[in-house]
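Novice: Just so you know, we're using the working numbering here: the sequence shown kicks off at 7 and counts up by one. One structure is given below, represented as structure tokens, and several questions about it will come after.
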Amino acid sequence: MRITFLAVLMSLGVFSGSTILAQDLNKGLILHYPFNKNANDIVHDNMGEVHGTRIEEGRCGDKAYYFDGNSSYIECGNPDVLNQDYSGMTLAAWIKPEEYSAKILGTIMAKWAFDPEKDHFGMWINSSYRIITAFSSAFEMENGAFSNTHLMPNSWYHVVATWNRNREVKIYIDGVLDNVGQQTGRGLNIQSDASLKIGRQVIKRSRPFKGHIDDVRIYGRTLSESDVKALYDMGKEICERIFVNGSVLDKNTNDPVPSEVVFEDMETGKVIRRVPAKGDYAYYEAILPMDRKVAFYAVAENYLSENQNINTGDYEMEQTISQDLYLVPFEVGESLRLNNIFFDFAKASLRPESHAELNRILPYFQQFPNLQIELAGHTDAIGSDEANQRLSEDRANSVRSYLLSQGVPAEQIVARGYGEKQPLATNDTDEGRQKNRRVEFVILSK
Numbered sequence: 007m008r009i010t011f012l013a014v015l016m017s018l019g020v021f022s023g024s025t026i027l028a029q030d031l032n033k034g035l036i037l038h039y040p041f042n043k044n045a046n047d048i049v050h051d052n053m054g055e056v057h058g059t060r061i062e063e064g065r066c067g068d069k070a071y072y073f074d075g076n077s078s079y080i081e082c083g084n085p086d087v088l089n090q091d092y093s094g095m096t097l098a099a100w101i102k103p104e105e106y107s108a109k110i111l112g113t114i115m116a117k118w119a120f121d122p123e124k125d126h127f128g129m130w131i132n133s134s135y136r137i138i139t140a141f142s143s144a145f146e147m148e149n150g151a152f153s154n155t156h157l158m159p160n161s162w163y164h165v166v167a168t169w170n171r172n173r174e175v176k177i178y179i180d181g182v183l184d185n186v187g188q189q190t191g192r193g194l195n196i197q198s199d200a201s202l203k204i205g206r207q208v209i210k211r212s213r214p215f216k217g218h219i220d221d222v223r224i225y226g227r228t229l230s231e232s233d234v235k236a237l238y239d240m241g242k243e244i245c246e247r248i249f250v251n252g253s254v255l256d257k258n259t260n261d262p263v264p265s266e267v268v269f270e271d272m273e274t275g276k277v278i279r280r281v282p283a284k285g286d287y288a289y290y291e292a293i294l295p296m297d298r299k300v301a302f303y304a305v306a307e308n309y310l311s312e313n314q315n316i317n318t319g320d321y322e323m324e325q326t327i328s329q330d331l332y333l334v335p336f337e338v339g340e341s342l343r344l345n346n347i348f349f350d351f352a353k354a355s356l357r358p359e360s361h362a363e364l365n366r367i368l369p370y371f372q373q374f375p376n377l378q379i380e381l382a383g384h385t386d387a388i389g390s391d392e393a394n395q396r397l398s399e400d401r402a403n404s405v406r407s408y409l410l411s412q413g414v415p416a417e418q419i420v421a422r423g424y425g426e427k428q429p430l431a432t433n434d435t436d437e438g439r440q441k442n443r444r445v446e447f448v449i450l451s452k
């Protein structure tokens, strides 16, 4: 898995519509082999030893290890974290199996001793392309639980197996529960000196895997269904994404302003990305998931941000969108368009997704107790002058009412409507009319 993208995901903590945070998916994670440039675990620095396998291009230009279905495997040793008495366990990996020419069992990962007096666990794929998993205690050898789904060769899948002390085993395919089975396993590898291997078991039956394996994870707990879905969504984002870039500029001078650019999910208000805007051009770039409405803005001291929004579902996967961001000096007389507040057609009631934009204004009233602002409502020229004047006043007052409801003193906010009298662009085009429909934040005193 690509280092830079993984680092972005883990630092940002949110993925693909799920409310599960990255730190939640790190709970109980005892081994993680991302396979970004080598076969090393990044949780406990357990060094994987490569035997005949090679790192290649994987999903969407990412990296993955290729196993030849014969002699290649990765030896992961027998770290102490695999010899604890856990109350649950989870195995997870991205795999792309190739076609098998004979009946065979391919090892995805296994710590299997072939000894009835030792504990075992593992996950495999058979020649019918069904996932198999087993968690067995000493003296209790198992046949394993099988997925209902038959995978398609030469396609990528996220496969997960979970076990708990209630003897319940679950198999998930691409974030969806596929089958539930029963095991008699009581403890895990308390007595076993067998080593963990990826791609082949080596001892006795070799059970070689043929194809690609990526992002191997082992947890000392049972992931919930929502955890598994979030883990799948996080991995899926490297294939379902767009790119956004640009510079952050002072709106008055057009000079670059080093800053931080923040991206928020407009439905939840949660931050999904934070990236720096740096260098001579205050340049930023970010990766965004598909099918999300995202607000984004720059943050810099003594500036107000003219915020933007994007619906990533309107673009093709892997598309790049360039969007410069503008900052307005926090000075008396400056005005700022509130881009991310929304009203239904010809109505003045704020839509809920507007609240996050207005909440970002609130700290200024705490920082500057004497701050006074005007909320200026404007419309396009469609409709009568009287109707547009009334609508602009009502919308400005709607924004004011929300800020007052959040504790801003009434004497600090004036709401005025200007109707269609102060256009920014022509009213002869859709684009021009959209620019003219706005509410502005004007600093009167501070």
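Note that beta-carbon positions come from the ideal geometry of N, C-alpha and C, so glycine has one too.
1) Figure out for me which residue from ALA236, GLU417, ILE388 and GLU392 has the closest Cα to the Cα of LEU381.
2) Taking only runs that begin and end inside the region 168 to 229, name each unbroken beta strand (DSSP E) of 3 or more residues, in chain order.
3) Classify GLU62 as buried or exposed, calling it buried when 16 or more other Cβ atoms lie within 10 Å of its own Cβ.
4) According to DSSP, is THR155 helix, strand or coil?
5) Any contact of the region 262 to 272 with the region 227 to 239, i.e. 3+ C-beta pairs under 8 Å?
6) According to DSSP, simplified to helix, strand and coil, what is GLY319?
7) So does the region 334 to 351 actually touch the region 385 to 396, counting three or more Cβ pairs closer than 8 Å?
8) Do ILE379 and PHE447 have their CB atoms nearer than 7 Å?
9) Here's the rule: buried if 16 or more other CB atoms are within 10 angstroms of the residue's CB, otherwise exposed. What is ALA99?
10) Decide if the region 127 to 145 is in contact with the region 74 to 84; the criterion is three or more beta carbon pairs, one per stretch, under 8 Å apart.
11) Within 10 Å of its beta-carbon, does ARG401 have 16 or more other beta-carbons around it, so buried, or fewer, so exposed?
12) Is THR59 closer than 7 Å to PHE41 when the C-beta atoms are compared?
13) Short of 7 Å in beta carbon distance, which residues of its chain neighbour LEU364, apart from the five on each side in sequence? Order them along the chain.
14) Less than 7 Å between the C-beta atoms of TYR321 and SER311, yes or no?
15) Would DSSP call THR10 helix, strand or coil?
16) Under DSSP, the alpha helix (DSSP H) around ALA393 begins and ends at which residues?
17) Buried or exposed for ASP434, please, with buried defined as at least 16 other CB atoms from any protein chain shown within 10 angstroms of its CB.
18) Name the two residues that bound the continuous alpha helix (DSSP H) containing TYR424.
19) With DSSP as the reference, label PRO369 as helix, strand or coil.
20) Which class does GLU312 belong to by DSSP, given the choice of helix, strand or coil?
21) Straight-line CA distance for ASP199 to LYS117?
22) Considering VAL234, what are the terminal residues of the alpha helix (DSSP H) in which it resides?
23) Helix or strand or just coil, what does DSSP make of GLY54?
24) Tell me the rounded alpha-carbon separation between THR274 and LYS124.
25) Should PHE120 go down as buried or exposed, given a rule of 16 or more other Cβ atoms within 10 Å for buried?
26) Could you check how far apart the C-beta atoms of ASN185 and SER153 are, in whole angstroms? I think they sit under 8 Å.
Specialist: Put simply:
1) GLU417
2) 174 to 179, 182 to 188 and 216 to 225
3) exposed
4) strand
5) no
6) helix
7) Contact fails: fewer than three Cβ-Cβ distances are below 8 Å.
8) Their beta carbons are under 7 Å apart, which means ILE379 touches PHE447 by this criterion.
9) buried
10) no
11) Buried is the call here.
12) no
13) ILE347, VAL405, TYR408 and LEU409
14) no
15) Here THR10 scores only 36 on pLDDT, less than 50, and its place in the model is too uncertain to base an answer on.
16) ALA393: member of the alpha helix (DSSP H) spanning 391 to 411, first to last residue.
17) exposed
18) Looking at the DSSP string, TYR424 is not in any alpha helix (DSSP H), and its letter there is neither H nor E.
19) helix
20) strand
21) Rounded to whole angstroms, ASP199 to LYS117 spans 9 Å at the Cα level.
22) 231 to 242
23) The DSSP-derived three-state label of GLY54 is coil.
24) 48 Å
25) exposed
26) Between SER153 and ASN185 the Cβ distance is about 5 Å, and since that is below 8 Å, they are a contact.
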